[in-house]
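Novice: Supplied in structure tokens, the structure appears directly below.
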Amino acid sequence: MNAAGSGAVDIRRSVPEDFDSFYDCFAAICRERRYLAVVEPPSKEEARGFIDGARQRGMVQYVASADSRVVGWCDIVPHAWEGFRHSGRLGMGIAPEFRGKGIGRRLMDATIDGAREAGLTRVGLEVFSSNTNAIKLYERYGFEYEGRHRRGRIIDGRVEDVIMMGLLLDV
Ligand SMILES: CC(C)(COP(=O)(O)OP(=O)(O)OC[C@H]1O[C@@H](n2cnc3c(N)ncnc32)[C@H](O)[C@@H]1OP(=O)(O)O)[C@@H](O)C(=O)NCCC(=O)NCCS
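So in this note's numbering, the last one in the sequence shown is 371, and the numbering has no gaps at all.
Quick look at the structure:
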């Protein structure tokens, strides 16, 4: 039984069999139209192709799982090009009813440790300026401000900057 976090939530490395449930979680957060850059989720096939490719490049992905349902994820996808492979991009999301319960922190702990073990030395991310909860989480983990695209996104009447943040793992 797990209505909105009343039972145990496991944090574990994702496996290919998680894809369908991961996709449902990801697509629902896209449709919130607030937190992710993608607001119309890609087709399942497209998303599967991306994840398979990312996995081959050494993606570090952890999921939060409640009663076999993926209720959150955090991943760091290494860049593909020579010269950039020491560096990965972080993405994450938690299903609305599971937010604010420490799952984001648990996912970050696991995923950043995993990136370090995988030999990545830089993690970058972009976050919308209105997303103060995510920004607080990233600051808490030592991400530093690296730049800002002013008026980077205008959606549903909201004008937002896109903030770039980065974390070096070997300092
Ligand atoms: C941002 C997000 C990943 C955080 O995960 P979470 O499980 O809700 O966060 P946690 O409960 O682990 O809290 C971790 C930290 O985040 C910040 N935070 C999270 N929720 C917060 C809230 N409601 N108010 C203030 N700070 C909050 C705090 O710094 C908190 O640390 P603290 O509890 O020690 O103060 C989650 O809220 C989410 O999925 N949001 C929508 C998708 C998204 O924004 N993805 C990131 C796109 S860049």
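Glycine included, C-beta positions come from ideal geometry on N, C-alpha and C.
Identify every run of the beta strand (DSSP E) within the region 338 to 363, keeping only runs that are complete inside it and at least 3 residues long; order them along the chain.
Specialist: Here the runs fully enclosed are 344 to 355.
Novice: Per DSSP, what are the beta-bridge partners of Val263 in this structure?
Specialist: In the DSSP output, where bridge partners are listed per residue, Val263 has Arg212, Trp273.
Novice: How many angstroms separate the CA atom of Val209 from the CA atom of Ala264?
Specialist: About 6 Å.
Novice: Find out if the Cβ-Cβ distance for the pair Val323, Ile276 is shorter than 8 Å.
Specialist: Yes, the Cβ-Cβ distance between Val323 and Ile276 is below 8 Å.
Novice: If you follow the beta strand (DSSP E) that Arg322 is part of, which residue opens it and which one closes it?
Specialist: Unbroken beta strand (DSSP E) run through Arg322: 322 to 328.
Novice: Pull the bridge partners of Met308 from the DSSP assignment, please.
Specialist: Met308 is not bridged to any residue.
Novice: Please name the residue, chosen from Asn333, Thr311, Ile303, that lies closest to Met259 on a Cα-to-Cα basis.
Specialist: Checking every option, the nearest Cα to that of Met259 belongs to Thr311.
Novice: Nearest-angstrom Cα distance between Ala350 and Val238?
Specialist: One detail in the question is off: residue 350 reads as Arg in this sequence, not Ala. Spanning the two alpha carbons is a distance of roughly 19 Å.
Novice: Hey, is the region 214 to 232 in contact with the region 316 to 333, meaning 3+ C-beta pairs nearer than 8 Å?
Specialist: The answer is no - the region 316 to 333 does not touch the region 214 to 232, with fewer than three Cβ pairs under 8 Å.
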